[in-house]
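Okay, structure coming up:
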């Protein structure tokens with residue numbers, strides 16, 4: 597499953613960077629004026645909660661590092677469902693520094709296997725990164 601996510605991320609990054617490959621011609625000195633690029637690297641791209649009871653909230657923290665040479669700024673973190681809320685620090689992350697993105701999943705009204713995607717947009721050379729959470733929501737009502 598992790599391999600599928602990695603493959604999906606690579607395809608997405610290639611597609612997005614391929615579309616952004618055309619630039620306006622400048623004075624010809626673009627390489628000498630390059631101030632560096634931010635690179636967003638997460639330690640993990642997927643979190644498995646396992647079994648959780650319906651009605652509660654489950655949370656996890658995704659840790660990332662700026663492995664580039666310029667400040668990293670997370671511009672947005674969005675989800676596929678209102679039951680999942682990402683929170684992150686909006687301050688720039690310097691090269692070599694780490695940051696955290698917390699994800700809270702509300703299990704109310706859910707049952708069975710639940711998978712949610714969190715889309716991270718930043719100023720990095722990999723401008724879109726996808727994270728995934730998965731849980732098996734157990735309903736303890738035996739009506």
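Residue numbers (this note's numbering): 597 to 739. From the three backbone atoms N, C-alpha and C, an ideal C-beta is built for every residue, glycine too. All of these numbers come straight from a predicted model, not from anything done at the bench.
About 7 Å separates the Cβ atoms of residue 664 and residue 721, confirming a contact at the 8 Å cut-off.
Under the DSSP assignment, residue 679 falls outside any beta strand (DSSP E); it carries neither an H nor an E label. Straight through space, the alpha carbons of residue 631 and residue 699 are spaced by roughly 32 Å. For residue 718, the closest C-alpha among the options 651, 705, 692 and 688 is that of 688. Where residue 708 is concerned, the enclosing beta strand (DSSP E) starts and stops at 708-718. Around the beta carbon of residue 673, a 10 Å sphere encloses 16 or more other beta carbons of the protein chains shown; the residue is thus reported as buried. The residues 700, in chain order, have a CB closer than 6 Å to that of residue 681 in the same chain once the five nearest residues on each side in sequence are set aside.
Collapsing the DSSP output to three states places residue 685 in coil. Bounds of the beta strand (DSSP E) holding residue 636 are 636-638.
DSSP places residue 732 in the strand class (E or B) of the three-state scheme. For the set 678, 652 and 686, the Cα lying nearest the Cα of residue 667 is the one of 686. When 654, 683, 651 and 633 are compared, the shortest CA-CA separation from residue 716 is found for 683.
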